[in-house]
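Residue numbers (the working numbering), protein chains in the order written: chain A, 503 to 997; chain B, 503 to 997.
No residue lacks a Cβ here, since even glycine has one placed at the ideal position from N, Cα and C.
What follows is one structure encoded as C-alpha cells, with my remarks underneath.
2 protein chains.
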Amino acid sequence: MSDIKKLKLLDSNIKKFDGILSLLSFDQETLMPKEALDERAEYISLIALKHHELFSSDELYDLLISLKSRDNYKKLSLLNKAYVNNFFEEVEKKRKIPSSFVEEFSKLQGKSFGVWEKAKLEDDYDSFKPYLEKLVDYSKRKAAFINPDIDPYDVLLQEFEKGLSVEKLDEVFIPLKEELVSLLSKVKKSSLYGKEKFLPSVDLNAQKEISLKIASLILGDKKNWVLSESEHPFSTTISPNDIRITTKYSDDPFFSLTSTAHEAGHGLYEMNLGKNLRGTFLHQAAGLGVHESQSRFWENHVVKSKSFWSNFYDDYAKICNLDLSKEDFYLSLNRVQPSFIRIKADELTYGLHVIIRYELERDLINGKLSVENLKDAWNKKYEEYLGVKVEKDSDGILQDVHWSHAYFGYFPTYLIGSIYSALIYDTLCSKNDNIDKEISNLDFSFIRTWLKHNIHSHGSTLGPEELIKYACGEGLTYKNYVEYLNKKYKELYDL
Amino acid sequence: MSDIKKLKLLDSNIKKFDGILSLLSFDQETLMPKEALDERAEYISLIALKHHELFSSDELYDLLISLKSRDNYKKLSLLNKAYVNNFFEEVEKKRKIPSSFVEEFSKLQGKSFGVWEKAKLEDDYDSFKPYLEKLVDYSKRKAAFINPDIDPYDVLLQEFEKGLSVEKLDEVFIPLKEELVSLLSKVKKSSLYGKEKFLPSVDLNAQKEISLKIASLILGDKKNWVLSESEHPFSTTISPNDIRITTKYSDDPFFSLTSTAHEAGHGLYEMNLGKNLRGTFLHQAAGLGVHESQSRFWENHVVKSKSFWSNFYDDYAKICNLDLSKEDFYLSLNRVQPSFIRIKADELTYGLHVIIRYELERDLINGKLSVENLKDAWNKKYEEYLGVKVEKDSDGILQDVHWSHAYFGYFPTYLIGSIYSALIYDTLCSKNDNIDKEISNLDFSFIRTWLKHNIHSHGSTLGPEELIKYACGEGLTYKNYVEYLNKKYKELYDL
C-alpha cells in the first residue's frame, strides 16, 4: 500500500472517531436522560482517547514526514499536497504540547467549567477569578509551546481561524466599532425606536412546523439531515450524509425561527464539503469565521430580510395564528435593543458584544490587562459602547461559557462571520441581479449552488481568508458589512 | 493494582464499547437519515473491532487464568467467583472459534441478510436456499468448535439461554403443543369466535400519549429512560441510567399499546440490574428466555389483562375517542385468530408459531431435515397446528429475519419467556392476594419491587433456570402457562 493510501486509512479512522464523538454529544444534548451524564462522560473520554492515540501516533507522524520528503512529495497531486501539508501542520502543532500539560490543562478546564457554572448561578465572580487567572496562564503557556516567537493571543486566534492576528483584527474591528456605535446612536434617535410591536407567543407545534419549513428550504428535501430540539441550539456532523441541527421552541418564537436558519446554514456547509475530501483531514470547514459566515448569511441576509417575508409572511401568520401586519412583524423581528446578553442581541448591537470580548481577551492574554481589573473593564465598555449599566456579574463578565473552557480567541470569529456574510451577499448580488427576488420566491437554487461551488466544496484546502478572496475577490474588510447595516436600519427606522 | 481490579478495569471498557454500540444502533433505527447507512456500518465495525480486541486480548485471558488459579481463586468473594467463572467461560468459548472462521461467517451472515431481504420482497425462496444451506453448515461448524461432544443444536441453544437442551425443550414443548392445539380448537367452536369487534383507528398523538403513560407505569417517573419511535419496536441499554425503548404508531392502535408494554418490560429488567454488578460481565440478563419473560409479563399478564382495563379503560377511551364497550374492547384486544405471521399473532397461537420454528431448526441442525425439504415441512406444520394454508413464501419460510443471521436456537426463548411469565405471575399471586386488585388500581409497587429483588438485580450471577427456580421455586414447566391460558380463554370465549 502506498504511503498516501496508508495515511488515508489512518485518517478515515480518526474521522470515524470524530463522528462517533459527535453522536455521543448530540444524543447527550437532545435525548439522553440527565442521570446518565457520568457514564456518558466516560464514553466520550474513551473515544477521545482512541482518537488521540491515532492522532498522536508515531505511525501517523512518520507517514507524514515520509510524504513530505522531497522525492515523495513531488509525486503527489496538488490536492494531496494540500492534504499532507495541512494535516502535518496540525499534527506537528499537537506534538509540540507535552501530554502532561494537555492533561493538566484539560483537568483545569473541566474544573473551571463547573466553578463557572456555579459562580454564574450565584452571581459570584470572586469564586471564578482564581480559575480565570489559571486559565489565562495556561493559555499563554500553550501558545508558547506552539509558537514562542509571536504574541500569544495571535497563536490562540489561529487555533480557530488560520492566519488571523491582532494586527488584522484591529484594522477591521476598530473602525467597525465606531461605525456601529454611530449607527446605534442614530437608531436610538428614530421616532420608531422603542415603539416596535412585540410578537405574541406562538404555539410550539406551529413553531416546529415553521422550523422544519425553514430547515427544508435551506438544507433541501433530500433527507440527509435531522432537526432536533436541545436547550442550546447547535449543529453537528455525524457523517457526510448525516447532518444534525437543533433548535429550542420557547416563548420567544423568533428564537426557534432564527436559530433554525442559523444552524441550518452551518449544516449546509458541512453537507456540501467536497465528496473528494471525504474521510480526510481536508473534509472540514476552512475555519470558524467562515463557518459562522454561513450561519449568519442564512439567518440575517435571508431569513431576517424584507424579501424573505414578502411572500412567506402570509403562510407564517396563518400557521402561527398571528394578527400583526407584515411591516410590524418585520420591524419586530429586526428591532434594535441594546442589552447585556450577547446571544439575545439584535443584529446591530451583536458586533459590539463581540468587540468588547475581543478587546478584553486580547489585552488579557497579551498582558495589558489583569484578571483583577477585567470586571471593571467589562462594565466600562458595556456602558461606553452599548449604553447599558451592568448590575449583575451573571449578566456581565460571567455571562459566556467560553472563557471557562479557555476558548480565548474564539469570540472574534462570531463577528468575522457577519462580516464575511455581507461580503458573500454582495458577491451574490453582483453575480445575479435577481437575488432578492429569488429570496422573495423562496427559490434558493442559485444561492445554494453558488455557495456549494465557491465556499463549501473546498473544505479546508484553502485557508479561510484565502477562500473568501477566491469566492468574493476580497478578504477581511468591514466596508460591505457597514454598508449593509446602514442600508438596512436606515430603511427600518426611517433614518 | 490487584488482578480483580485490573479485570474490572478492562471489563468496564468492554462495557463502554457495548454501550456505544447500542447507541450507534439505537440512533440508526430511530433518527439517522437512511443515506448515512454505509458510514454508520463502518462506525459500528470500528467499535466492534475495539470491543473484540479487548475481549480476545491475551491480557484479559491471562488475568482470568491467574484469578482462577487455586491460591487466587479462594481469596475471591462469592460474587467475584461467579464473576470470574462466568466471564472466563464466555472468553474461553470465544477463543475456541478461529478468527478466520468468525470473519468468514460474519461476511456470510451479512450477505445472507441482504439476499433474504430481497428474496422476501420478491417471494423467491429459491434464491435464499443456497445461503440457508451455507448458514446451517457454518452454524454446525461453529457448534463443533465450541463443543464437539454434544449435539450441535444444543450448543446453539446455549448461545441464547445457558443450560438449554433439546431434551428439556421436547419435554415441555411437545405436551404444550397438544394443549395449545386443543385449546385453539375449543376457541374456534365458541359462538363468540370470529365475531369480535374491531377497534377503529386511533389518532397517532393519542397513541403516543397512551404509550408514554404505559411506559411510565412500568418504568417509573424517574427519568432514566427514553421512549422513541422506530420501524420495529426494540429496547436497548446505553448505560445503566440510560434505557431506551421504542414503539411504532400505526393504523393498529393495539400494536403501539402492547409493544410499548413489551419493550418497557425488557427495559425495566435492564434498569434494575444490580448496582453492585455495574461495569462487569455480570451486569446483564441471565438469558434471553428470562428477558422475554419480563416483556411478556407486562404485555400479557398486565396490559392485556382484564384487571388492567377495569379502571384504566375510561381514560383510554376518552384519550382515544373510542365508542366501544369495555367488554368489546377487551375481547378485541385478546381475540384469537390463527394467521401466518408470528409477530402479529395473538397470545394463544403465538406459541405454535414458535414451536414450528423450533421443531424445524432442531431437525435441520441435527441433520434430520434438509434445507431442500424445509419449505414443505414448514407449510405442512402450519396447516397441521394452526389450520392455515401458506400461499406465499414471504408469509411462510421467508417470514422471519432470524435464520438469515444464522440465529438458530433463538426462537425457543420467545416461548420460554411466555412460560416463565406465567410462573412469575402465579408466584406473585402466591405472595400477595391482591395482585389483580393492584393491577386494577395501576399500583405496580409490589410487582416492581418483587421483580427487582427476585429477578432483575441478580444479573447473570445465576443461570436462567436457576434464577427462575430461586424466584419461583420451579424451573421450566409448561403447566402454569397452560392453566393460565385455559382460564383466560375460557372466560373470554365463554368455553
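{"Asked": "So, are the CB atoms of N934/B and N813/B less than 8 Å apart?", "Found": "no"}
{"Asked": "Name the two residues that bound the continuous beta strand (DSSP E) containing L729/A.", "Found": "W727 to E731"}
{"Asked": "Just list the alpha helix (DSSP H) runs in the region 578 to 631 of chain A, keeping only unbroken ones of 4 residues or longer that don't cross its boundaries, in chain order.", "Found": "580 to 598 and 601 to 624"}
{"Asked": "State yes or no: is the beta carbon of I747/A nearer than 8 Å to at least one beta carbon in chain B?", "Found": "no"}
{"Asked": "Run through chain B and tell me which residues come within less than 8 Å of K725/A, C-beta to C-beta.", "Found": "P535, K536 and E537"}
{"Asked": "Find the residues of chain B that neighbour N515/A, judging by a C-beta separation of less than 8 Å, and give them in chain order.", "Found": "L548"}
{"Asked": "Alpha carbon to alpha carbon, what distance is there between D560/B and V593/B?", "Found": "10 Å"}
{"Asked": "So D744/B is in the beta strand (DSSP E); what residue range does that whole segment cover?", "Found": "D744 to T749"}
{"Asked": "Under the three-state reduction of DSSP, which class applies to I899/A: helix, strand or coil?", "Found": "coil"}
{"Asked": "Please state whether DSSP places T929/B in a helix, a strand or coil.", "Found": "helix"}
{"Asked": "Since D744/A meets chain B, which of its residues come closer than 8 Å, beta carbon to beta carbon?", "Found": "M534, P535, E537, A538, E541 and R542"}
{"Asked": "Counting only C-beta atoms, is Y545/A closer than 8 Å to chain B at any point?", "Found": "yes"}
{"Asked": "Kindly list, in the order they appear in chain B, the residues whose Cβ is closer than 9 Å to that of L526/A.", "Found": "I522 and L525"}
{"Asked": "Since W880/A contacts G898/A with CB under 8 Å, what's their CB separation in whole angstroms?", "Found": "6 Å"}
{"Asked": "Using beta-carbon positions only, say whether I506/A and L523/A come within less than 8 Å of one another.", "Found": "no"}
{"Asked": "Please return the same chain residues whose Cβ sits closer than 7 Å to the Cβ of F590/B, not counting the five positions on each side in sequence.", "Found": "L566 and K570"}
{"Asked": "Take K992/A as the anchor and find which of N582/A, L686/A, D639/A and Q530/A has the nearest alpha-carbon.", "Found": "L686/A"}
{"Asked": "Should T951/B be labelled buried (16 or more other beta-carbon atoms within 10 Å of its own) or exposed?", "Found": "exposed"}
{"Asked": "So what does T739/B bridge to, in DSSP terms?", "Found": "I745/B"}
{"Asked": "Kindly indicate the opening and closing residues of the alpha helix (DSSP H) around G769/A.", "Found": "P755 to M773"}
{"Asked": "Taking L666/A as part of the alpha helix (DSSP H), name the residues at either end of that continuous run.", "Found": "Per DSSP, L666/A belongs to no alpha helix (DSSP H) and is neither H nor E."}
{"Asked": "Taking DSSP as the reference, what is the three-state secondary structure of R798/A?", "Found": "helix"}
{"Asked": "So which of V683/A, E624/A and A763/A has the shortest CA-CA distance to L900/A?", "Found": "E624/A"}
{"Asked": "In chain order, what residues of the same chain lie with their CB nearer than 8 Å to the CB of K750/A, ignoring the 5 residues before and after it?", "Found": "E731, S732, E733, H734, P735, F757, S758 and S761"}
{"Asked": "Just how far apart, CA to CA, sit I921/A and L978/A?", "Found": "7 Å"}
{"Asked": "To test your reading of the DSSP string, which unbroken alpha helix (DSSP H) runs of 4 or more residues are found completely within the region 819 to 879 of chain A?", "Found": "828 to 835 and 849 to 867"}
{"Asked": "Locate the alpha helix (DSSP H) running through E886/A, then write down its first and last residues.", "Found": "That residue, E886/A, is in no alpha helix (DSSP H); it is neither H nor E in DSSP."}
{"Asked": "Hey, is D529/B's beta-carbon within less than 8 Å of any beta-carbon in chain A?", "Found": "yes"}
{"Asked": "At a cut of 8 Å, does the region 825 to 838 of chain B reach the region 954 to 962 of chain B through at least three beta carbon pairs?", "Found": "no"}
{"Asked": "What residues in its chain sit with their C-beta under 7 Å from that of R542/B, if we drop five residues either side in the sequence?", "Found": "L526, Q530 and M534"}
{"Asked": "For the alpha helix (DSSP H) that contains Y983/B, what are its first and last residues?", "Found": "K981 to L994"}
{"Asked": "For S741/A, go through chain B and note every residue whose CB falls closer than 8 Å to its CB, in chain order.", "Found": "A538, E541, R542 and Y545"}
{"Asked": "Kindly indicate which residue of D753/A, V903/A and T851/A has the alpha-carbon position closest to the one of F700/A.", "Found": "D753/A"}
{"Asked": "Under 8 Å, CB to CB, which of the residues in the region 548 to 567 of chain B have a partner in chain A?", "Found": "L548, I549 and K552"}
{"Asked": "Just reading off the alpha helix (DSSP H) that Y545/A is part of, what are its end residues?", "Found": "L539 to F557"}
{"Asked": "Going along chain A, which residues have a C-beta under 9 Å from V728/B?", "Found": "L533, M534 and P535"}
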